[in-house]
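K.L.:
Each residue of the sequence shown is one higher than the last, beginning at 1120 in the numbering used here. Quick one: the structure is below, questions incoming.
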Amino acid sequence: MRVSPISFSKPGAVAKGSFSDLAGQDAGLASSMILTIVVSPRPDALPFLEPLVRQAMPSESFASAADAGEALNYFEQARYLGRTSAVFLMDFRGSNVDDLTACVLDLRQAHREAELIILVEATDSPALAACLKVAGSSSHMTFLTAPFDPLLVVRTLRTVAERQRTGAFSKRVLRDSTQMIQGLELQIQELRTRLDIAKHAARHDHLTGSLNRTGFVEELTARLARNRQMQNVIMVDLDRFKAVNDTLGHAAGDELVRKICTGMIAVLPKGAILARLGGDEFGIVVEALSDIGLTQLCTDILRVANQCRIIAGHEVQVSASIGVARQGSVHSEVELLRQSDLALYAAKREGRNRFRVFDRDLDRVTRYRLTIETGLERALHSGQFKMAYQPIVKADTCAILGYEALVRWDSPDFGAISPDVFIPIAEETGLILDIGDWIAREALRDCRKFNLPYVSINLSSRQFLRHNVGERILRYAADANVAPDRIQIELTETAIIDDVERASYNLGILRDAGVRVALDDFGTGYSSLVYLKQFAIDCIKIDKSFVDNVTRERQSAVIVASVAKLAESLGMSVIAEGVETEDQRTILMASGCGMLQGYHFGRPSFAADIGASLAG
Ligand code: C2E
Ligand code: CA
Ligand code: CA
């Protein structure tokens, strides 16, 4: 609708086509709310009424019309521009009563709340009655009877205008508050949704969508509180997952975690919950499982973890270690979590890719380990460690080529403790770094002092993966005045595979300086010589478990022979460990092992005794 306001330039003329703002276009639009329309067919009505309207409502809009149709048309236009209320000032005196009532009816029907002010002759009560009749009620209807006191007209106009304003105001308040309530309800809804999302996020893992540690502990606690069934807590930790992250990147690691998670969910019994507790660690709670059921479930999980998968275009295979705690008489989630953690560590210690159920023995062993742990630090600082040396000999002549340095701990509290027991504990606590430094320095000093041809020093994985282990060994050698070609270090495969890049770096530094590298316990790990060829390795030590069997099983002799052949072809020499008999020596020699070590040639003994025999 096009609206072109015109002002009443010719007082007395009935304006056609539009209305005007009394207080000027701009100011009027902002504040004007009421449109007053003089409705009258009389030419003399406007000149008389317009000044009164302007006086009564100087800042409101004004128009005039000859009949109801025209008046309503103005009001529609005005509404379009934001005026919400109307006062119709009707002067039909001298006209047909029917025209007046028709006008009243039209206006009333169109706007039930508009103010109608009707000017009537004092004597015209039939017109008054007819108007009331068609309107149906006297509300919002005012009659002014002639003769008209201008002041009274102005006051009446102001009164009805005020009534319109309050009416419109309360309507607006009602509408506004309804809108506000609706808005608030929407906001509450939105907040609730956000709260739900936040609550969900606080309990769930973003990568897999399963519960996180918080959600897991809450769920376990709730289940224990219900205590209806026997709960089993199963901790699953992927073995060597770090290698996947390191070699293929974190996105690949994430994908593997997701796939394994999905695979595990598929083998869980109904009602079980699974959570991702950390990078590659998962927790499971299962109710009421028989021993057989539990074994089956753990086996299934191991199988799922073991599956060969294609990740980022590479074939990836990992394994998992599992620790289990069964509810029994335990009712605290803290204790169940502790037990399953202990069982998990035991599974890792015992070689990974297996499950271990917590029992009292494990608890006892753990406590024992704890006392060892605390004892180790004291041992290092109070000189309880000693170094022993075991000869490595030439297979054919039995001539001593060098010595392997083996640490000994004679504890005043526990007696002699095997390095097989305390070295892994020292590895776990990190104390191996300090102990290892002590061992290397001591061995090199002894090498110099007792003039050992060479010394072979064992480096644990943790020690070897230290960023500056190569430089350290060379510095200790220089301190002891031992040439690097009188040093051999012994490593296990895991030390290399755990962090291939760092291993290569460290091996490079040592090899470049002339230190020899031996691969310890060959045959117990991955045992892929071709894979290991890329790392600078001089020598492999065939594990005692093979040597033990060479005289009894042809098969073992064949394996040793083929390993020796392969090693030779790759330019590596071979030491067979744990040789206890002459028969073993004969077979090993025939199999191609150039060097031997074992009680048959000499037990580990203290340097002073060796020094004496070397001197003698
Ligand atoms: P390993 O490096 O394989 O050491 C050889 C182990 O076999 C030594 O046990 C040695 O005493 C034992 N042995 C040698 N010949 C024979 C034999 O003919 N028969 C039998 N039955 N055993 C034999 P030990 O000294 O108890 O050391 C056990 C393991 O502890 C070592 O295995 C090594 O892994 C670790 N270890 C020992 N000393 C150190 C060390 O100074 N540093 C590090 N990081 N680990 C060490
Ligand atoms: Ca060794
Ligand atoms: Ca060994």
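The C-beta atom is built at its ideal place from N, Cα and C for all residues, glycine as well.
1) Checking 8 Å against the spacing of the C-beta atoms, do residue 1615 and residue 1658 come in under that value?
2) Consider the C-beta atom of residue 1696 and the heavy atoms of ligand 3; say whether any pair is separated by less than 7 Å.
3) Around the C-beta of residue 1660, are 16 or more other C-beta atoms found within 10 angstroms, so that it is buried, or is it exposed?
4) At 4 residues or longer, what runs of the alpha helix (DSSP H) sit wholly inside the stretch 1632-1672?
5) Rounded to whole angstroms, how far is the Cβ of residue 1689 from the Cβ of residue 1648, which I believe are closer than 8 Å?
6) Starting from residue 1710, follow the beta strand (DSSP E) in both directions and report where the run begins and ends.
7) Measure the Cβ-Cβ separation of residue 1456 and residue 1355 and say whether it is below 8 Å.
8) If you drop the 5 nearest sequence neighbours on each side, which residues of the same chain put their C-beta closer than 6 Å to that of residue 1357?
9) So what does DSSP say about residue 1567, is it helix, strand or coil?
10) Beta carbon of residue 1539: closer than 7 Å to some heavy atom of ligand 3?
11) Find out if the Cβ-Cβ distance for the pair residue 1525, residue 1509 is shorter than 8 Å.
12) Please return the same chain residues whose Cβ sits closer than 8 Å to the Cβ of residue 1433, not counting the five positions on each side in sequence.
13) Going by DSSP in three states, residue 1716 sits in which element: helix, strand or coil?
14) Considering only heavy atoms of ligand 2, list every residue whose Cβ is less than 6 Å from one of them, following chain order.
15) If you run the structure through DSSP and keep just helix, strand and coil, what is residue 1383?
16) For the pair the stretch 1151-1159 and the stretch 1203-1219, tell me if three or more CB-CB distances fall below 8 Å.
17) What are the boundary residues of the alpha helix (DSSP H) that includes residue 1334?
18) Which residue's Cα is closest to the Cα of residue 1568: 1599, 1585, 1651, 1234?
19) Please state whether DSSP places residue 1389 in a helix, a strand or coil.
20) Could you say if the stretch 1464-1482 and the stretch 1377-1387 meet the contact criterion of at least three C-beta pairs nearer than 8 Å?
21) Please report the straight-line C-alpha distance between residue 1141 and residue 1168, rounded to a whole angstrom.
22) Quick check: residue 1073 and residue 1606, are their CB atoms within less than 8 Å of each other?
23) Just to confirm the assignment, what range does the beta strand (DSSP E) spanning residue 1351 have?
24) Closer than 7 Å: is that where the CB of residue 1660 sits relative to any heavy atom of ligand 3?
25) Examine the Cβ distances between the stretch 1543-1551 and the stretch 1511-1519 and report whether three or more of them are shorter than 8 Å.
26) Helix, strand or coil: how does DSSP classify residue 1125 here?
27) Are the beta-carbon atoms belonging to residue 1394 and residue 1330 less than 8 Å from one another?
28) Going by DSSP, what residue range makes up the alpha helix (DSSP H) through residue 1419?
P.N.:
With the given structure in hand:
1) no
2) yes
3) That one is buried.
4) 1648-1651, 1663-1668
5) 6 Å
6) Not the beta strand (DSSP E): residue 1710 falls in the alpha helix (DSSP H), residues 1701-1710.
7) no
8) Non-local C-beta neighbours of residue 1357 in its own chain, meaning closer than 6 Å and more than five positions away in sequence, comprise 1399, 1437, 1439, ordered along the chain.
9) In the three-state DSSP reduction, residue 1567 falls in the helix class (H, G or I).
10) no
11) yes
12) 1367, 1371
13) Residue 1716 falls in the strand class under three-state DSSP.
14) 1523, 1577, 1609, 1639
15) helix
16) yes
17) Looking at the DSSP string, the run of the alpha helix (DSSP H) that includes residue 1334 is 1332-1345.
18) 1599
19) Here residue 1389 sits in coil by DSSP.
20) no
21) Caution applies to residue 1141, whose pLDDT of 44 falls short of 50 and renders its modelled position unreliable; the value that the coordinates give is listed next. Taking the straight line from one Cα to the other gives about 14 Å.
22) The structure shown does not extend to residue 1073, since the chain spans only 1120 to 1735, so no value can be given for it.
23) 1350-1358
24) yes
25) no
26) Any reading at residue 1125 needs caution, since the residue's pLDDT is 30, under 50, leaving its predicted position unreliable; the model's value is listed next. The answer is coil: DSSP assigns residue 1125 none of H, G, I, E or B.
27) yes
28) 1410-1425
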